[in-house]
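Here's the structure, in structure tokens; my notes come after.
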Amino acid sequence: MLFGKRNLRDAFEKQAEKVFPSVFGTALRLTRSREEAEDLAQEALVRAYEAFERFDGSNFKAWMLRIVTNLYINKYRARQRGPQLGSLDDEAAAEPVAAEGDIPDRILFDNAVGAEVEEALAKVPPDFRTAVILSDIEGMSYQEIADATDVPIGTVRSRLARGRAMLRKILQDYAMKEGIIKNGASE
Amino acid sequence: MIDRLDLHAYADGELSPEEEARVERLLAESPEAARELDAIRHLKSCLQTKLEPQTNTALWKDCLGRLDELDKVKKAEFFVGKYAWALCLVLFLVIMGGGLLTRLRGSIGMGTVASYSSDLIPIRTPQMSQPEQLRSWVFNQTQQHPAVDPDPARVVGMWYMDRAEGGRVVQLRMADSMGMVDVMIIPNVARVEGVQPIGGNMFAGQVNGLNCVTWPDSGCACLVIGNRDYDQLRTFAQSLYQAR
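Chains as they are written, first to last, in the numbering used here: chain A, 1 to 187; chain B, 1 to 244.
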């Protein structure tokens, strides 16, 4: 397939190298396991290389992340154990991101460090986490997320809303526990 | 009342210009919605700025190694896929050529030997009393040094036949105490097909229903054919061979 087309390999390598941190980062945040993330990223890269001649040339990063997400959903997630918080049926119930206690988000998020955010994100159930990762970290559009996760755009919208609300709640709980905020006010 | 999902879509830039204008009107009227939008934007910003990019140079090198392996496999598959017919053709030609070469280099079947027997032309036996004379005569007839050195006293008849492939087939009929046997010398034939090895360089088979012992010698196929068992024919053949 790619034999005799060295320029194709070069083109693939050039584009893949640019987006590889996103590929591995997404794999890591989806699987929450370094070993599995390495396997997932490597497998995704091989699949992408095999299919590179069919790539339409529009958005390589979105195409790669779509492969990563599809692989994760079809293969890795099925292997992972543990309770899946939040069902797909109750997605429509969008929760407010802003808490009722009027905690200033500037205080909540400015004081959070990367490791805490990563930890909080890891606690969000997979379907919602996937939507948040692809949208807020990787900057994919709703349509691209819908394609990657094979769900309608409406589901993507509701998963994002719920995922963000869950993430904010986890960060807020953490901030209260650490004494960064107290009863909805900054210390 | 503003739809929360629209608020998220507004923050993500996923609304049409008309929808955006509608949401902006509602936001101006609702401080709660504005606060909610602010929270969404803060969260997005937090995720974009607080999380470190995940670099993994070793993994990238491993991936390139996998791609190299994949290229090698594809290369082999491509070559086999594209040239399979040519490889098959070459193999077929090699087999055919080998067979043909074997034929050309002097391999004949027992059926051919039998057909030679029926096409032989009698030769008036020259009057020779010495083995050297007979050897010289056979050489002249076959253009080969005789593989056998028959006793002229025992030769009772001679025949010949010119092969289409070249060379003259000579047959001597010889007599001893057990009766008569035919000794056939076929030039330019390395081996006779359809025979079984019986030790040494000798082989046994049948020609026209008669037992036959054959062996190669000096580019000729020598055959002793007679109504005797193989051991007797082999003894006769060995006596001829050793007398050379």
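All C-beta atoms, glycine included, are put in the ideal place defined by N, C-alpha and C.
**chain A contacts from the stretch 10-23 of chain B (Cβ-Cβ distance under 7 Å)** = Asp12, Glu14
**Request:** Determine the chain A residues that contact Lys61/B at a beta-carbon separation under 8 Å, and present them in chain order.
**Result:** In chain order: nothing, as chain A lies at least about 11 Å away.
**Asked** Of the residues Ser33/A, Leu121/A, Arg159/A, which one's Cα is nearest the Cα of Lys50/B?
**Response** Per the Cα distances, Leu121/A.
**Asked** Does the Cβ of Glu4/B have 16 or more other Cβ atoms within 10 Å, making it buried, or fewer, making it exposed?
**Response** Here residue 4/B is Arg; the residue named in the question, Glu, does not match the sequence. Buried is the call here.
**Message:** Using a Cβ-Cβ distance cut-off of 8 Å, determine whether Glu29/B contacts chain A.
**Reply:** no
**Message:** Helix, strand or coil, according to DSSP, for Gly163/A in the structure here?
**Reply:** helix
**Request:** Please check if any C-beta of chain A sits within less than 8 Å of the C-beta of Ile2/B.
**Result:** no
**Coarse secondary structure for Arg228/B, derived from DSSP in three states** = coil
**Request:** For my contact list, Arg228/B and Ile198/B are in at a C-beta cut-off of 8 Å; report their separation, rounded to the angstrom.
**Result:** The Cβ separation is near 14 Å, so there is no contact.
**Item:** Residue interval of the alpha helix (DSSP H) (run including Val132/A)
**Value:** 126-132
**Asked** Among Ser45/B, Leu26/B, Trp60/B, which one has its Cα closest to the Cα of Gln15/A?
**Response** That would be Trp60/B, whose Cα lies nearest to the Cα of Gln15/A.
**Message:** With three or more beta-carbon pairs closer than 8 Å as the criterion, would you say the stretch 79-98 of chain B touches the stretch 150-158 of chain A?
**Reply:** no
**Prompt:** Does DSSP put Glu91/A in a helix, a strand or coil?
**Reply:** Legend: pLDDT at Glu91/A = 46, less than 50; position of this residue unreliable, no value from coordinates given.
**Asked** Of all the beta strand (DSSP E) runs that stay within the bounds of the stretch 28-82 of chain A, which reach a length of 3 or more residues?
**Response** none
**Item:** Cβ pair count under 8 Å reaching 3, the stretch 64-77 of chain A against the stretch 37-51 of chain A
**Value:** The stretch 64-77 of chain A makes contact with the stretch 37-51 of chain A: 3 or more CB pairs, one atom from each, lie closer than 8 Å.
**Message:** Can you find the residues in the same chain that come closer than 6 Å, C-beta to C-beta, to Glu144/A, ignoring five residues on each side of it along the sequence?
**Reply:** Within the same chain, Cβ atoms closer than 6 Å to the Cβ of Glu144/A are found at Ala62, the five residues on either side in sequence being excluded.
**Asked** What in chain A is Cβ-close to Leu26/B, meaning under 8 Å?
**Response** Within 8 Å Cβ-Cβ: nothing; Leu26/B doesn't reach chain A, min ~15 Å.
**Message:** Among the candidates Leu8/A, Asp56/A, Glu17/A, Val132/A, whose CA atom is the shortest distance from the CA of Leu30/A?
**Reply:** Val132/A
**Prompt:** Which bits of chain B does Leu8/A rub up against, with CB to CB less than 8 Å?
**Reply:** Simply none; closest approach about 10 Å.
**Request:** Within the stretch 43-127 of chain B, note down every full beta strand (DSSP E) run reaching 3 residues or more, in order along the chain.
**Result:** 121-123
**Request:** Work out the CA separation of Leu8/A and Lys44/B for me, nearest whole Å.
**Result:** 36 Å
**Asked** Per DSSP, what kind of secondary structure is Arg6/A in: helix, strand or coil?
**Response** In this structure, DSSP gives Arg6/A a helical state, which the three-state scheme calls helix.
**Item:** Cβ-Cβ separation, Ala237/B to Val213/B (assumed contact under 8 Å), whole Å
**Value:** 5 Å
**Request:** From the DSSP output, in three-state form, read off Arg163/B for me.
**Result:** coil
**Request:** State the Cα-Cα distance for the pair Leu27/B and Gly13/B, rounded to the nearest angstrom.
**Result:** 15 Å
**Prompt:** Between Glu69/B and the rest of its own chain, which residues show a CB-CB distance below 8 Å, the 5 nearest in sequence each way excluded?
**Reply:** none
**Message:** Pop quiz: Met166/A and Val113/A are said to be a contact at Cβ under 8 Å. What is the actual Cβ separation, rounded to whole angstroms?
**Reply:** Their Cβ separation, rounded to whole angstroms, is 19 Å, which puts Met166/A and Val113/A out of contact at 8 Å.
**Message:** Could you tell me which whole beta strand (DSSP E) segments of length 3 or greater appear in the stretch 169-232 of chain B?
**Reply:** If one requires a minimum length of 3 residues, the beta strand (DSSP E) runs lying completely within the stretch 169-232 of chain B are 179-187, 196-199, 202-207, 210-217, 220-226, in chain order.
**Integer-rounded CB distance, given that Phe55/A should sit under 8 Å from Asn56/B** = That pair is no contact at about 23 Å.
**Asked** Going along chain B, which residues have a C-beta under 7 Å from Pro21/A?
**Response** Pro53, Gln54, Thr55
**Request:** With DSSP collapsed to three states, give me the class of Met176/A.
**Result:** helix
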